[in-house]
Amino acid sequence: MEQTQYELNKGLAQMLKGGVIMDVTTPEQAKIAEEAGACAVMALERIPADIRAAGGVSRMSDPKMIKGIQNAVSIPVMAKCRIGHFVEAQILQAIEIDYIDESEVLSPADDVYHIDKTAFKVPFVCGARDLSEALRRINEGAAMIRTKGEPGTGDVVQAVRHMRKMNAQIRQLGSMKKDELFEAAKQLQVPYELALYVHENGKLPVVNFAAGGVATPADAALMMQLGAEGVFVGSGIFKSGNPAKRAAAIVQAVTNYTDAALIASLSEDLGEAMVGINPEEIKLIMEERGQ
Amino acid sequence: MRNIKIGVLALQGAFIEHEHMLTDLGAVCTEIRQPSDLTGLDGIVLPGGESTVQGQLLHKSGLFTPLRKLISDGLPTLGTCAGLILMAQEISNPVADRTIQEKAAPTAHLGTLPVTVRRNAYGRQLSSFVTEQPIAGIGNYPMIFIRAPYIERTDVNVEILAKVDGNIVAVKYKNQIGLSFHPELSENSNIHEWFLSQCEK
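The listed protein sequences correspond, in order, to chains A and B. Mind the numbering: the first sequence is residues 5 to 295 in this note's numbering, read in order. Mind the numbering: the second sequence is residues 75 to 275 in this note's numbering, read in order.
If you want it as structure tokens, here you go:
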């Protein structure tokens, strides 16, 4: 991938900042998401909560379904491919997807290697639990990072843990002397140049969103106050009682994430939130996929 | 430090990048999220992002009417990409699927700039590009187009500042500057400097 294209791809992520990216499985859901104020939609066959319930192998979605969603909305459309499955990624690039999520939500296709994302023109977002994973994905060509969280649970605890850990590690790198960075990079198992960038700039070189378990306007605002630059909401919307209203409330909460009075009013009468499950209650831990 | 206060619309999108560039040039920046943020401004920036989202939030936040009035009354305003779409009097392709008529997207948002704009005019992300082209009064400038719009038609009083491949990508109309591309993502601050000089007048 040319440097220019990578800058454009990072730039698209910058345009999504302060916004909410919503998981959708049909063109109808995509339209609801767009009308509620989503800045992009993630097209997938089943939302993470249903992937958990169904079990088995989960794969890239039917390209026809994705095209249906592309035709239904004017905002950017993202889609997921399996970790390491570069042919699924090639297919998504061929249908001109705006962003590919190389995602731990789907069953990994390669238990060692991630996709060489520098070989693609289309941008990638990847999940990360900490600074090590984030910088390794960026080194592979990711133009955007999100926390992994634990998808499909409605439980925000892992997304909080990942965001806090990543930001703590960024602060640690920032406070180091320059000659300590070589060892820090070694410990983190990341290239020195990326460790140096974080040291000098106090942030990742790409946009960093929160994802995994966000179910309420308060959850979304919590992630923003913890330093997320935007929020992915998966199962939280279309597994709830009133998706359109909840989606719109989460969008406003992300814009006004420090305005507690407004978030209080946004949180009223949203209907049933998605039924959450605790990490102790689940067998499949998706966050451990793809390190 | 200059004695200019610029309000940057901060509902969604790349507003921080504008703030960094303007602050580096000595201006004071404030983020606009609600009507009370509109007081005491010398200029307004409408940043890039998703225009559908920003347009909806303009209404929900109560900013729509007072912001439109400030711009119409002559406060210097710079709109980039989605910001240009917010300013345009007409959007030629407001919805993706022309067959869907119900709950159709608005054909204009603030509508203060007498131009017709085409959203995602170049196509999806794979068609995003960078080019260096001349802008009237500025000179050669690195233009970053990301899922960008362009201007299809303008009113006779609108000054066309730049075209790329025959399509209008930069205009000035009275107090309003509208750009298809993202000067805030480039290293070149000449456009922001020019905008601040308008605000100082």
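The beta-carbon is built from N, C-alpha and C at its ideal position, and this holds for glycine as well.
| Is the shortest distance between the beta-carbon of A/V237 and the beta-carbons of chain B less than 9 Å? | Counting from 1 along the first sequence, the entry for residue 237 of chain A is found at position 233. It does not; no Cβ of chain B falls within 9 Å.
| Applying a beta-carbon distance threshold of less than 7 Å, which residues of chain B neighbour A/N260? | The count along the first sequence starts at 1 and reaches residue 260 of chain A at position 256. Proximity of chain B to A/N260 at the Cβ level (cut-off 7 Å) is accounted for by R107, in chain order.
| Which chain A residues are close to B/V127, counting only those with a beta carbon under 8 Å from its beta carbon? | As a first step, residue 127 of chain B is located in the second sequence; it is residue number 53 there, counting from the start. Contact note: B/V127 reaches chain A through G23, G41, A42, C43, I79, V255, using a C-beta cutoff of 8 Å and chain order.
| Quick one: is B/P150 near chain A, going by C-beta distance under 9 Å? | Within the second sequence, the letter at position 76 stands for residue 150 of chain B. No, B/P150 lies away from the interface with chain A (no Cβ there is under 9 Å from its Cβ).
| request: Would you mind reading off the limits of the alpha helix (DSSP H) that contains B/T278? | output: One cannot answer for residue 278 of chain B here, as it falls past the ends of chain B, which runs 75 to 275.
| message | Check whether chain B comes within 9 Å of A/N13, counting only Cβ atoms and requiring the distance to be less than that. | response | To locate residue 13 of chain A, count along the first sequence from 1; it is residue 9. At a cut-off of 9 Å, the C-beta of A/N13 has a neighbouring C-beta in chain B.
| field | Partner residues on chain B for A/P127, Cβ-Cβ distance less than 8 Å | value | Position 123 of the first sequence, counted from the start, is the residue given in the question as residue 127 of chain A. Contacts between A/P127 and chain B, judged by CB atoms closer than 8 Å, involve Q199 in chain order.
| message | One question on the structure: do B/N214 and B/P208 come within less than 9 Å of each other, judged by their Cβ atoms? | response | Position 140 of the second sequence holds residue 214 of chain B. Position 134 of the second sequence holds residue 208 of chain B. Yes, the Cβ-Cβ distance between B/N214 and B/P208 is below 9 Å.
| Taking 9 Å as the CB-CB cut-off, is B/S135 touching chain A? | By 1-based counting over the second sequence, the position of residue 135 of chain B is 61. For B/S135, at least one C-beta of chain A is nearer than 9 Å to its own C-beta.
| When Cβ atoms are compared, which residues of the stretch 72-103 of chain A fall closer than 9 Å to chain B? | The stretch 72-103 of chain A vs chain B, Cβ under 9 Å: Q74, N75, A76, V77, S78, I79, P80, V81, Q97, E100, I101, D102, Y103.
| query | Hey, A/Q2 and A/V218 are a contact pair by Cβ (cut 8 Å); roughly how many whole angstroms apart? | reply | Residue 2 of chain A is absent from the model: chain A starts at 5 and stops at 295.
| query | Going along chain A in order, which residues have a C-beta closer than 7 Å to the C-beta of B/N194? | reply | As a first step, residue 194 of chain B is located in the second sequence; it is residue number 120 there, counting from the start. Here the neighbours are S78.
| On the premise that A/A248 lies in contact with A/I36, defined as a C-beta separation below 8 Å, what is that separation, rounded to the nearest angstrom? | In the first sequence, counting from the first residue as 1, residue 36 of chain A sits at position 32. In the first sequence, counting from the first residue as 1, residue 248 of chain A sits at position 244. With a Cβ gap of about 5 Å, A/I36 and A/A248 count as contacting.
| query | What residues in the stretch 81-99 of chain B bring their beta carbon closer than 9 Å to a beta carbon of chain A? | reply | Against chain A - using a Cβ distance shorter than 9 Å - the residues of the stretch 81-99 of chain B are A84, L85, Q86, G87, A88, F89, I90, E91.
| request: Give the straight-line distance between the Cα atoms of B/A162 and B/L187, rounded to the nearest whole angstrom. | output: Within the second sequence, numbered from 1, the residue matching residue 162 of chain B stands at position 88. Within the second sequence, numbered from 1, the residue matching residue 187 of chain B stands at position 113. Cα-Cα distance, rounded: 5 Å.
| Are the Cβ atoms of A/M278 and A/G158 separated by less than 9 Å? | Position 274 of the first sequence holds residue 278 of chain A. Position 154 of the first sequence holds residue 158 of chain A. A contact, by the Cβ cut-off of 9 Å.
| message | Using a Cβ-Cβ distance cut-off of 9 Å, determine whether B/A74 contacts chain A. | response | There is no way to answer for residue 74 of chain B, as the model of chain B reaches only from 75 to 275.
| task | Using beta-carbon positions only, say whether B/G122 and B/G81 come within less than 9 Å of one another. | result | Here residue 122 of chain B refers to the residue found at position 48 when the second sequence is read from its first residue. Here residue 81 of chain B refers to the residue found at position 7 when the second sequence is read from its first residue. For B/G122 and B/G81, no; Cβs fall outside 9 Å.
| Bridge-paired residues (DSSP) for A/S244 | Numbered from its first residue, the first sequence carries residue 244 of chain A at position 240. A/S244 pairs with nothing; no bridge assigned.
| message | Quick check: is the beta carbon of A/M19 nearer than 9 Å to any beta carbon in chain B? | response | Position 15 of the first sequence, counted from the first residue, corresponds to residue 19 of chain A. Closer than 9 Å: yes.
| request: Quick one: which unbroken beta strand (DSSP E) runs of 3-plus residues sit fully inside the stretch 116-199 of chain A? Chain order, please. | output: When DSSP assignments are scanned along the stretch 116-199 of chain A, the uninterrupted stretches of beta strand (DSSP E) that are 3 or more residues long and fall wholly within it turn out to be 128-132, 148-151.
| message | On the DSSP letters alone, give me the boundaries of the alpha helix (DSSP H) that A/K35 sits inside. | response | Within the first sequence, numbered from 1, the residue matching residue 35 of chain A stands at position 31. For A/K35, the enclosing alpha helix (DSSP H) covers residues 31-40.
| task | Have a look at A/V237 and A/V258 and give me their C-alpha separation to the nearest angstrom. | result | For the purposes of this step, residue 237 of chain A is identified with residue 233 of the first sequence, where counting begins at 1. For the purposes of this step, residue 258 of chain A is identified with residue 254 of the first sequence, where counting begins at 1. Rounded to whole angstroms, A/V237 to A/V258 spans 11 Å at the Cα level.
| query | Can you find a C-beta in chain A that's less than 9 Å from the C-beta of B/F203? | reply | To locate residue 203 of chain B, count along the second sequence from 1; it is residue 129. The beta carbon of B/F203 falls within 9 Å of a beta carbon belonging to chain A, placing the residue at that interface.
| request: Can you say whether A/L288 is buried or exposed, counting buried as having 16 or more other CB atoms within 10 angstroms of its CB? | output: Residue 288 of chain A sits at position 284 when you count from the first residue of the first sequence. It counts as exposed.
| With respect to the beta strand (DSSP E) encompassing B/M95, which residues constitute its N-terminal and C-terminal limits? | Within the second sequence, numbered from 1, the residue matching residue 95 of chain B stands at position 21. Per DSSP, B/M95 belongs to no beta strand (DSSP E); it is in the alpha helix (DSSP H), 89-98.
| Pairwise C-alpha distance: A/E49 and A/A147 | Here residue 147 of chain A corresponds to residue number 143 of the first sequence, with the count starting at 1. Here residue 49 of chain A corresponds to residue number 45 of the first sequence, with the count starting at 1. If I take the Cα positions, the gap works out to 24 Å.
| To the nearest angstrom, how far is it from the Cα of A/P195 to the Cα of A/Q162? | Taking the first residue of the first sequence as 1, we reach residue 195 of chain A at position 191. Taking the first residue of the first sequence as 1, we reach residue 162 of chain A at position 158. Straight-line spacing of the CA atoms in A/P195 and A/Q162 works out to 26 Å.
| message | Using beta carbons (cut-off 9 Å, strictly below), is A/D66 in contact with chain B? | response | Along the first sequence, one-based indexing puts residue 66 of chain A at 62. The C-beta of A/D66 comes no closer than 9 Å to any C-beta of chain B.
| field | The beta strand (DSSP E) enclosing B/A244, as first and last residue numbers | value | As a first step, residue 244 of chain B must be located in the second sequence, where it is residue number 170. Unbroken beta strand (DSSP E) run through B/A244: 241-247.
| message | So that I know if they touch, is there some Cβ in chain A lying closer than 9 Å to that of B/R227? | response | Looking up residue 227 of chain B in the second sequence gives position 153. Not one beta carbon of chain A lies nearer than 9 Å to the beta carbon of B/R227.
| message | On the CB-based measure, 16 or more other CB atoms within 10 Å of its CB, does A/A189 come out buried or exposed? | response | The sequence position of residue 189 of chain A within the first sequence is 185, counting from 1. If you draw a 10 Å sphere on the C-beta of A/A189, you find 16 or more other C-beta atoms in it, and that means buried.
| task | Just mark A/R175 as buried or exposed, buried being the case when its beta carbon has 16 or more other beta carbons within 10 Å. | result | Position 171 of the first sequence, counted from the first residue, corresponds to residue 175 of chain A. It counts as exposed.
| message | I'd like to know whether the C-beta of B/E124 is nearer than 9 Å to at least one C-beta of chain A. | response | As a working note, residue 124 of chain B is residue 50 in the second sequence. Yes, B/E124 lies at the interface with chain A (some Cβ there is under 9 Å from its Cβ).
| So, is the C-beta of A/L208 closer than 9 Å to a C-beta in chain B? | The residue labelled residue 208 of chain A in the question sits at position 204 within the first sequence. Not an interface residue.
| task | Check each candidate in B/L85, B/G153, B/K237 and name the one with the smallest Cα separation from B/V127. | result | Taking the first residue of the second sequence as position 1, residue 127 of chain B is located at position 53. The residue among B/L85, B/G153, B/K237 with its C-alpha nearest the C-alpha of B/V127 is B/L85.
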